[in-house]
Ligand SMILES: [Zn+2]
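Residue numbers (my numbering): 847 to 1292.
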């Protein structure tokens, strides 16, 4: 099912609660269920995954340049004591990103686009700040964490031990979770702490904000890739200037006499190796759901699911996915798909006044997100003693090959609750049986 897992996305863009903060005041990392060691562990695994996918620059002088620039920033007190590592990727797009616990990647295009060394340092400092403030695992904590205290939102059903599962998340599902879009609040924080790091290292912090603003202005419509994951919080120069007023006065440098030479080396890099195509999911899906059940409960519904399933989503039940861990896959573009399992949510029809109309509307919106989807007619069934509709669909599986789906719509309040069961065609019989058992147990809150 290529329907995007919007729950995780929405949770992530909700971002960090950001109480008013005086410029210059300390910033503390937010809610996090990972330990700092787990940040490092998760980041290392994700980094190894990335190294397999990208074209690392082979020019030793350039690689050393980025590493020594990074180390100078990482040595500042505000960077914290993470094992930072800096890698230059041969990619003409303007981008940089950080993984939890220290790995930081810079695209060669970013060095080309910068006016001076302080601007490159600015981006690195901003990325270091995301690491030091633990924004990646903060977001992952909110979105989808296992075995956490009941009070924490995000995970609805966990399995196994927390540590081993988190490590797995870093390598699979979590990789994209950790690399999704930061919130504007997180961006503001990363700018502020980045400014401090630059101040401590002697680079002019305003260059960081100025570079971001120039990029934003020059980029026009689409914008450099950087802003896809680092949304512009607005007024960056002003905000950084306010931070600077809180720091002791200092002479800054825009730095780097060999910056021009480095830019020339970047210009002389060979064309990037073709990026590895979207990987197929590493693990095959579970063929048979385990017998026995556990209860998945949200404010919107209650349902028994197989005992080896996990569930992610929000406690209100507006958007939940469930399946065996290896049934939920990332598509390599920052989205999570249900390869084997069920996606559940609520749909408020735009025009339709009855269940039939609502189901039709929902079906066409699903098809607009995946045009390859073919649906059979709607069939009346009973769920929880109430009339519901069911339709069989076929699409393509994130595991490769054809996929079977079952869409069930159940009236709920002013709209419908929907369930989309998905499995590769060859695994469908097992999932279909499980789906029927799940539907029998489904209780929808009105
Ligand atoms: Zn950022």
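All residues carry an ideal CB built from backbone N, CA and C; glycine is no exception.
| Check | Outcome |
| --- | --- |
| Could you please go through the chain and list the residues whose beta-carbon is closer than 6 Å to any non-hydrogen atom of ligand 1? | 972, 976, 1028, 1033, 1036, 1076 |
| Expressed to the nearest angstrom, what Euclidean distance is found between the alpha-carbon atoms of residue 1243 and residue 899? | 22 Å |
| Between residue 1247 and residue 1030, what straight-line distance do the alpha-carbon atoms span, to the nearest angstrom? | 38 Å |
| What is the C-beta distance between residue 1206 and residue 957, in whole angstroms, given that I count them as a contact (C-beta under 8 Å)? | Residue 1206 to residue 957, Cβ: 52 Å. No contact. |
| Taking the alpha carbon of residue 975 as the reference point, which residue from 959, 963, 922 has its own alpha carbon closest? | 922 |
| Can you name the residues that DSSP bridges to residue 1139? | 1152 |
| For residue 1096 and residue 932, I'd like the C-alpha separation in whole angstroms. | 27 Å |
| Would residue 872 be called buried (16 or more neighbouring beta carbons within 10 Å of its own) or exposed? | exposed |
| What's the C-alpha gap between residue 1229 and residue 1267? | 15 Å |
| Mapping DSSP to helix, strand and coil, what is residue 1076? | coil |
| Between the beta-carbon of residue 1185 and the beta-carbon of residue 1195, is there less than 8 Å? | no |
| Have a look at residue 1054 and residue 1040 and give me their C-alpha separation to the nearest angstrom. | 8 Å |
| What would DSSP say about residue 979, mapped onto helix, strand or coil? | coil |
| List the residues that DSSP assigns as beta-bridge partners of residue 1168. | 1157, 1188 |
| In angstroms with no decimal places, state the Cα-to-Cα distance between residue 1070 and residue 1113. | 18 Å |
| To the nearest angstrom, how far is the alpha carbon of residue 1092 from that of residue 868? | 9 Å |
| State buried or exposed for residue 1293, treating a residue as buried only when at least 16 other CB atoms are found within 10 Å of its CB. | Residue coverage of the chain in this structure runs from 847 to 1292, which leaves residue 1293 outside it and unanswerable. |
| Among the residues of its own chain, which have a CB less than 8 Å from the CB of residue 1067, if the five just before and after it don't count? | Because residue 1067 carries a pLDDT of 49, less than 50, the predicted location of this residue cannot be relied on, and no value is offered for it. |
| DSSP beta-bridge partners for residue 1291? | DSSP, once it has assigned bridges, lists no residue as partnering residue 1291. |
| In terms of alpha-carbon separation, which member of 1252, 959, 881, 1261 lies closest to residue 1275? | 1252 |
| Around the C-beta of residue 1012, are 16 or more other C-beta atoms found within 10 angstroms, so that it is buried, or is it exposed? | In this prediction, residue 1012 scores a pLDDT of 37, lower than 50, which makes its location untrustworthy; the coordinate-derived value is nonetheless stated afterwards. Answer is buried; the Cβ neighbour count reaches 16. |
| Using C-beta distances below 6 Å, list every residue in its chain close to residue 1190, excluding the 5 sequence neighbours before and after it, in chain order. | 1166, 1265 |
| Output the distance between the C-alpha atoms of residue 1270 and residue 1051, rounded to the nearest integer angstrom. | 51 Å |
| Any contact of the region 886 to 898 with the region 940 to 947, i.e. 3+ C-beta pairs under 8 Å? | yes |
| On the criterion of 16 or more Cβ atoms from any shown chain inside 10 Å, does residue 1199 qualify as buried, or is it exposed? | exposed |
| Tell me the DSSP secondary structure of residue 1086 in three-state form. | helix |
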